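Residue numbers (our numbering), protein chains in the order written: chain A, 47 to 377; chain B, 63 to 385.
Following: one structure in structure tokens, then a few remarks.
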Amino acid sequence: MADTNTFDLRRYLKGGGHSFGVWAALVIVVLFGLMRYDNFGGAYNISSFLNYNAMFIVISVGMCFVILTGGIDLSVGSVAAFTSVVAAYLSPYGIQVALPGAVLAGLAIGGLNAFFVVAMRIPPFIATLATMLGAKGGALVISGAQTIAIDWESNFTKLGMEKAFGLLPWTIVITAVVVVALWIVLEFTSLGRTVLAVGGGEDATMMMGLGVARAKVFVYLLSGGCGGLAGVFLASGFGAGQPLEGVGWELSAIASVVVGGTLLTGGMGSVAATVAGALLLGLVFNILNFENGRGVISLSAYWQMVIRGGFLFAVILLQSQLTTRTRRAAE
Amino acid sequence: MTQALAQLQQRFDPSRHGALVALAVILLFNLAVTPNFLQAQTLFVNISQVATIAIVAMGMTLVIATGGIDLSVGAIMALAGALAPLIFLSDFATANPALGLLAAIVVPILVALCCGVFNGVLVTYLNVQPIVATLIFFISGRGLAQVLTNGNLQTFSNPSFSYLGTGKVLGLPFQGWLVLVIALVLFWVVTRSVFGRQLLAVGGNERAARLAGIPVNRVKIGAYVICAGLSGLAGLIVVAINSASDAARIGTLMELDAIAAAVVGGTLLQGGRAPIFGAILGAVIIQLVKYTLLANGIADEVALIAKAGIIIAAVYLQQARKE
Numbered sequence: 047m048a049d050t051n052t053f054d055l056r057r058y059l060k061g062g063g064h065s066f067g068v069w070a071a072l073v074i075v076v077l078f079g080l081m082r083y084d085n086f087g088g089a090y091n092i093s094s095f096l097n098y099n100a101m102f103i104v105i106s107v108g109m110c111f112v113i114l115t116g117g118i119d120l121s122v123g124s125v126a127a128f129t130s131v132v133a134a135y136l137s138p139y140g141i142q143v144a145l146p147g148a149v150l151a152g153l154a155i156g157g158l159n160a161f162f163v164v165a166m167r168i169p170p171f172i173a174t175l176a177t178m179l180g181a182k183g184g185a186l187v188i189s190g191a192q193t194i195a196i197d198w199e200s201n202f203t204k205l206g207m208e209k210a211f212g213l214l215p216w217t218i219v220i221t222a223v224v225v226v227a228l229w230i231v232l233e234f235t236s237l238g239r240t241v242l243a244v245g246g247g248e249d250a251t252m253m254m255g256l257g258v259a260r261a262k263v264f265v266y267l268l269s270g271g272c273g274g275l276a277g278v279f280l281a282s283g284f285g286a287g288q289p290l291e292g293v294g295w296e297l298s299a300i301a302s303v304v305v306g307g308t309l310l311t312g313g314m315g316s317v318a319a320t321v322a323g324a325l326l327l328g329l330v331f332n333i334l335n336f337e338n339g340r341g342v343i344s345l346s347a348y349w350q351m352v353i354r355g356g357f358l359f360a361v362i363l364l365q366s367q368l369t370t371r372t373r374r375a376a377e
Numbered sequence: 063m064t065q066a067l068a069q070l071q072q073r074f075d076p077s078r079h080g081a082l083v084a085l086a087v088i089l090l091f092n093l094a095v096t097p098n099f100l101q102a103q104t105l106f107v108n109i110s111q112v113a114t115i116a117i118v119a120m121g122m123t124l125v126i127a128t129g130g131i132d133l134s135v136g137a138i139m140a141l142a143g144a145l146a147p148l149i150f151l152s153d154f155a156t157a158n159p160a161l162g163l164l165a166a167i168v169v170p171i172l173v174a175l176c177c178g179v180f181n182g183v184l185v186t187y188l189n190v191q192p193i194v195a196t197l198i199f200f201i202s203g204r205g206l207a208q209v210l211t212n213g214n215l216q217t218f219s220n221p222s223f224s225y226l227g228t229g230k231v232l233g234l235p236f237q238g239w240l241v242l243v244i245a246l247v248l249f250w251v252v253t254r255s256v257f258g259r260q261l262l263a264v265g266g267n268e269r270a271a272r273l274a275g276i277p278v279n280r281v282k283i284g285a286y287v288i289c290a291g292l293s294g295l296a297g298l299i300v301v302a303i304n305s306a307s308d309a310a311r312i313g314t315l316m317e318l319d320a321i322a323a324a325v326v327g328g329t330l331l332q333g334g335r336a337p338i339f340g341a342i343l344g345a346v347i348i349q350l351v352k353y354t355l356l357a358n359g360i361a362d363e364v365a366l367i368a369k370a371g372i373i374i375a376a377v378y379l380q381q382a383r384k385e
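Here's what the structure looks like:
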């Protein structure tokens, strides 16, 4: 995976043949929505859709980095729940304190993951499972298992409600900045290339003298920080710290990453395709809402999960076809 | 001499040994601190609660022994648990109670077994990683259960079905005996049957097993099917205990409890070992920790943190032994 520094858009979009499907599917679903529903392309729908999905996009991108190294982070949902409570407690001091505070809390849990995985050599699946339980417990302890209302007098509420430059809510702007920054890190920095190399082959990367441990610590810290940011969005979106939220988020994030064509074994994948995957999974719900609104069918919210599962299944089928074909071609 | 030493080392396997020590510590702590610990009621409560964890953990142990993992156990519990009342509350079952009861037990377990086949086929023939393959049912299985029941809580009073969760044999909860029977059968399967030896071979070194002519795919699918079937059974027991079925709540976070129990019991995550009684030991430890904290007035959420500590400690011990 030792890529050159030149950037080839065509090769990038193909993503080694794995992420092409997600872009095609995204285009098809958006076109379907635009043609079928009047307000689908309206400013309100786009803004509220992105606003709601911002937290899922952020944790999916963090998860993407972890998976690229061949690891996994199951703790992100609990981290978001924990940090949403932290953000709510800090909200009286304003967004300038609450946001960094919550992200720091997320980084701390990410650091714990990194310690377990890198220093104690505990398999990532188990290490992050433990911090998932621990963070969930921590969220319930510090909140007394209650939702913690944010301070409505402070500027914390501006995050989700006020529009940056009169265009889009701050939540979306921050998410976009984070996504672009991480895309640059992965594609153009030596740290990002090391992350990819670690997933491609850890021993080989080590022998090349690249900083394997540093890359691993980075991805778990990053994922924790992303979870922290998602917690801030969660608190601002619901107007309260939500210690009970975040259940199953890690699996949605993994699904987004997988739908985006990233291999779970690591070494191959992209930030952009992960965002596309997260958007696609979110759109399933959005379309379902519109379809219910038309009154032709009436699918309960429970169908959302079934459809998402079916979606994941379809993508996995497609991916496994592709991988077997490329493997055969390689042989 | 070295062989004897190796044998001795194997017998005092620190992960297993550690679990037993942990159990002893918890029991002694309870005897000293927890009020009314030495009462029959305590035993009943713990046995009836640990049974579902133990049943699922044994299935999980088999899956992990092949080097896999099954995240869908909780969702499959919900699916089976939602189906059973639907069947025995139907018109057909009210007309033929005996047949209805049989169907209410057999059909959900059959459905669960089908889920296991689905998981297994994805993992083997389509070469999907176990985490992803079982993620499908983790996400959609509970949704399916909620679609079936429209998200409603189903309450019922059906003494013969409830026997699964509230019955007593020789003074002890029925599901406790069930655990014992399943454990004995699975122990025999793992240590004595061809399937069991093949299972461990696949987990130990899949490539070698394949070259040795072991039907790797069939063995793996078998493990997922058994795990799913046991999850279905556990779902039925949970519903029977509560005399109510809430698809949103049956078996939530069970995958974590089951994995934790298996790991604490000495199952290696890389595969190749399937300590069935270890899984039960792990389940008992997790249940007792939960009970100890609860009985001493410490909130449920602290129990989560304690569980996290146990998992890390257990795997760290395994890891230390390997190196």
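Don't be surprised by glycine CBs; every beta carbon is placed ideally from N, CA and C.
What you are looking at is a predicted structure, and each value in this text was computed from that prediction instead of being measured.
Quiz item: What number of angstroms, rounded off, separates the C-alpha of glutamine 260 (chain B) from the C-alpha of threonine 196 (chain B)?
Solution: On the second sequence, residue 260 (chain B) is found 198 positions in, with the first residue counted as 1. On the second sequence, residue 196 (chain B) is found 134 positions in, with the first residue counted as 1. When rounded, the distance between both Cα atoms is 22 angstroms.
Quiz item: Does the beta carbon of valine 325 (chain B) sit closer than 9 angstroms to a beta carbon anywhere in chain A?
Solution: Counted from its first residue, the second sequence places residue 325 (chain B) at position 263. Residue contact with chain A for valine 325 (chain B): present (Cβ-Cβ distance below 9 angstroms to some residue of chain A).
Self-check item: Alpha carbon of alanine 154 (chain A) to alpha carbon of threonine 115 (chain A), nearest angstrom
Solution: Translated into positions along the first sequence, residue 154 (chain A) becomes position 108. Translated into positions along the first sequence, residue 115 (chain A) becomes position 69. Rounded to whole angstroms, alanine 154 (chain A) to threonine 115 (chain A) spans 20 angstroms at the Cα level.
Exercise. State the CB to CB distance for the pair tyrosine 266 (chain A) and asparagine 97 (chain A), rounded to an integer number of angstroms; the pair is presumed to be in contact (CB under 8 angstroms).
Key: Taking the first residue of the first sequence as 1, we reach residue 266 (chain A) at position 220. Taking the first residue of the first sequence as 1, we reach residue 97 (chain A) at position 51. The pair is not a contact, with the Cβ atoms about 28 angstroms apart (cut-off 8 angstroms).
Quiz item: How close, in whole Å, do the beta carbons of valine 281 (chain B) and phenylalanine 257 (chain B) come, if the pair is a contact with beta carbons under 8 angstroms?
Solution: The residue labelled residue 281 (chain B) in the question sits at position 219 within the second sequence. The residue labelled residue 257 (chain B) in the question sits at position 195 within the second sequence. Right, the Cβ-Cβ distance comes to about 7 angstroms (below 8 angstroms), so this counts as a contact.
Quiz item: What first and last residue would you give for the alpha helix (DSSP H) that runs through valine 255 (chain B)?
Solution: To locate residue 255 (chain B), count along the second sequence from 1; it is residue 193. It should be noted that the sequence gives serine, not valine, for residue 255 (chain B). Element bounds for serine 255 (chain B): n/a, residue is neither H nor E.
Quiz item: How would you list, in chain order, the residues of chain B whose beta-carbon sits under 8 angstroms from the beta-carbon of glutamine 350 (chain A)?
Solution: The count along the first sequence starts at 1 and reaches residue 350 (chain A) at position 304. Within 8 angstroms Cβ-Cβ: Gly205.
Quiz item: Counting contacts by CB-CB distance shorter than 9 angstroms, is lysine 282 (chain B) in contact with chain A?
Solution: As a first step, residue 282 (chain B) is located in the second sequence; it is residue number 220 there, counting from the start. Chain A contact via Cβ: absent.
Quiz item: Going along the chain, which residues of its own chain have a beta-carbon closer than 6 angstroms to the beta-carbon of glycine 152 (chain A), five neighbours each way excluded?
Solution: As a first step, residue 152 (chain A) must be located in the first sequence, where it is residue number 106. Val125, Thr129, Gly270, Gly271, Gly273 and Gly274, listed in sequence order.
Self-check item: CB contact check: alanine 142 (chain B) to chain A, cutoff 9 angstroms
Solution: Taking the second sequence and counting its residues from 1, one reaches residue 142 (chain B) at position 80. Interface annotation, alanine 142 (chain B): not in contact with chain A, CB-CB separation never under 9 angstroms.
Quiz item: Looking at C-alpha atoms only, which residue of A:Gly123, A:Leu327 and A:Ala286 is the closest neighbour of leucine 108 (chain A)?
Solution: Along the first sequence, one-based indexing puts residue 108 (chain A) at 62. For the record, residue 108 (chain A) in the displayed sequence is glycine; it is not leucine. Nearest option by C-alpha distance: A:Gly123.
Self-check item: Option nearest glycine 334 (chain B) by Cα separation, candidates B:Ile373, B:Asp362, B:Thr186 and B:Ala271
Solution: By one-based count along the second sequence, residue 334 (chain B) stands at place 272. Of the residues B:Ile373, B:Asp362, B:Thr186 and B:Ala271, the one whose Cα lies closest to the Cα of glycine 334 (chain B) is B:Ala271.
Practice problem: Spatial neighbours of glutamine 284 (chain B) within its chain, please: CB distance less than 7 angstroms, with the 5 preceding and 5 following residues excluded, ordered by chain position. | Solution: For the purposes of this step, residue 284 (chain B) is taken as residue 222 along the second sequence, with counting starting at 1. Strictly speaking, residue 284 (chain B) in this sequence is glycine, with glutamine absent from that position. Shown here for glycine 284 (chain B): same chain residues with a beta carbon closer than 7 angstroms to its own, the five before and five after excluded, namely Phe257 in chain order.
Exercise. Assign threonine 217 (chain B) to one of three DSSP states: helix, strand, or coil.
Key: Stepping through the second sequence from its first residue, residue 217 (chain B) is reached at position 155. When DSSP states are grouped into helix, strand and coil, threonine 217 (chain B) belongs to the strand group.
Quiz item: Whose C-alpha, out of A:Phe279, A:Thr235, A:Thr240 and A:Gln350, is nearest the C-alpha of alanine 148 (chain A)?
Solution: On the first sequence, position 102 is the one that residue 148 (chain A) refers to. For the residues A:Phe279, A:Thr235, A:Thr240 and A:Gln350, the minimum Cα distance to alanine 148 (chain A) belongs to A:Phe279.
Exercise. Name, in chain order, the residues that DSSP records as bridge partners for glycine 294 (chain A).
Key: Indexing the first sequence from 1 puts residue 294 (chain A) at position 248. Per DSSP, none; premise fails for glycine 294 (chain A).
Self-check item: contact_flag[the segment 298-307 of chain A, the segment 217-234 of chain A] where n(CB pairs < 8 angstroms) is 3 or more
Solution: Touching, no.
Practice problem: Establish whether the CB of glutamine 191 (chain B) and some CB of chain A are separated by less than 9 angstroms. | Solution: Position 129 of the second sequence, counting from 1, holds the residue named residue 191 (chain B). Yes, its Cβ sits closer than 9 angstroms to a Cβ of chain A.
Quiz item: In whole angstroms, what separates the C-alpha of leucine 326 (chain A) from that of alanine 71 (chain A)?
Solution: The residue you call residue 326 (chain A) lines up with position 280 of the first sequence. The residue you call residue 71 (chain A) lines up with position 25 of the first sequence. CA-CA distance, leucine 326 (chain A) to alanine 71 (chain A), rounds to 8 angstroms.
Practice problem: Could you name the residues that DSSP lists as bridge partners for alanine 31 (chain B)? | Solution: Because chain B in this structure spans residues 63 to 385, residue 31 (chain B) falls outside the shown range and cannot be described.
Quiz item: What residues in its chain sit with their C-beta under 8 angstroms from that of alanine 173 (chain A), if we drop five residues either side in the sequence?
Solution: As a working mapping, residue 173 (chain A) is identified with position 127 in the first sequence. Answer for alanine 173 (chain A): Asn159, Phe162, Val163 and Met166, listed in chain order.
Quiz item: Between the Cα of isoleucine 230 (chain A) and the Cα atoms of A:Ile141, A:Val317, A:Gly245 and A:Thr251, which residue gives the shortest distance?
Solution: Position 184 of the first sequence holds residue 230 (chain A). By alpha-carbon distance to isoleucine 230 (chain A), the top candidate from A:Ile141, A:Val317, A:Gly245 and A:Thr251 is A:Val317.
Quiz item: Taking Cβ positions only, does serine 202 (chain B) come closer than 9 angstroms to chain A?
Solution: For this step, residue 202 (chain B) is matched to residue 140 along the second sequence. Closer than 9 angstroms: yes.
Self-check item: Three CB pairs or more closer than 8 angstroms across the segment 230-249 of chain A and the segment 293-304 of chain A
Solution: Judged by pairs of C-beta atoms under 8 angstroms, the segment 230-249 of chain A does not touch the segment 293-304 of chain A, as fewer than three such pairs exist.
Self-check item: Separation of alanine 324 (chain B) from alanine 345 (chain B), as counted between CA atoms
Solution: Taking the first residue of the second sequence as position 1, residue 345 (chain B) is located at position 283. Taking the first residue of the second sequence as position 1, residue 324 (chain B) is located at position 262. Their Cα atoms are separated by approximately 8 angstroms.
Exercise. Would you give the residue range spanned by the alpha helix (DSSP H) that isoleucine 198 (chain B) belongs to?
Key: Reading the second sequence from its first residue, position 136 is the one you call residue 198 (chain B). 192-211 is the span of the alpha helix (DSSP H), which, as asked, contains isoleucine 198 (chain B).
Quiz item: Of all Cβ atoms in chain B, is any one closer than 9 angstroms to the Cβ of glutamate 166 (chain A)?
Solution: Position 120 of the first sequence, counted from the start, is the residue given in the question as residue 166 (chain A). Strictly speaking, residue 166 (chain A) in this sequence is methionine, with glutamate absent from that position. Yes, methionine 166 (chain A) counts as interfacial toward chain B.
Exercise. Return helix, strand or coil for leucine 164 (chain B), following the three-state DSSP convention.
Key: For the purposes of this step, residue 164 (chain B) is identified with residue 102 of the second sequence, where counting begins at 1. DSSP, read as helix, strand or coil, puts leucine 164 (chain B) in helix.
Quiz prompt | N-terminal and C-terminal residue of the alpha helix (DSSP H) that glycine 257 (chain A) is part of | solution = As a working note, residue 257 (chain A) is residue 211 in the first sequence. Taken as a continuous stretch (DSSP letters only), glycine 257 (chain A) belongs to no alpha helix (DSSP H), as it is neither H nor E.
Quiz item: Cα separation between leucine 164 (chain B) and glycine 291 (chain B)?
Solution: Within the second sequence, residue 164 (chain B) is the residue found at index 102, counting from 1. Within the second sequence, residue 291 (chain B) is the residue found at index 229, counting from 1. Roughly 16 angstroms separates the two Cα atoms.
Quiz item: Excluding five sequence neighbours on each side, which residues of the same chain lie with their C-beta closer than 6 angstroms to the C-beta of alanine 376 (chain B)?
Solution: In the second sequence, residue 376 (chain B) corresponds to position 314, counting from 1. Shown here for alanine 376 (chain B): same chain residues with a beta carbon closer than 6 angstroms to its own, the five before and five after excluded, namely Val325 and Val326 in chain order.
Practice problem: Give me the Cα-Cα distance between aspartate 49 (chain A) and isoleucine 105 (chain A), rounded to the nearest whole angstrom. | Solution: The count along the first sequence starts at 1 and reaches residue 49 (chain A) at position 3. The count along the first sequence starts at 1 and reaches residue 105 (chain A) at position 59. Its pLDDT being 44, under 50, aspartate 49 (chain A) is placed unreliably in this model, and the coordinates cannot settle the point.
Quiz prompt | Interface flag, methionine 101 (chain A) vs chain B, CB-CB below 9 angstroms | solution = In the first sequence, the residue the question calls residue 101 (chain A) occupies position 55. Not one chain B Cβ lies under 9 angstroms of methionine 101 (chain A).
Quiz item: By the 10 Å Cβ neighbour count, where 16 or more other Cβ atoms means buried, how is threonine 253 (chain B) classified, buried or exposed?
Solution: Locating residue 253 (chain B) in the second sequence gives position 191, where the first residue counts as 1. Label assigned to threonine 253 (chain B): exposed.
Practice problem: List the residues of chain A that tyrosine 378 (chain B) touches, going by C-beta distances under 9 angstroms, in chain order. | Solution: For this step, residue 378 (chain B) is matched to residue 316 along the second sequence. Within chain A, the residues near tyrosine 378 (chain B) are Phe162, Met166, Arg167 and Ile168.
Quiz item: Mind checking leucine 100 (chain B): buried by the 16 CB within 10 Å criterion, or exposed?
Solution: By one-based count along the second sequence, residue 100 (chain B) stands at place 38. Result: exposed.
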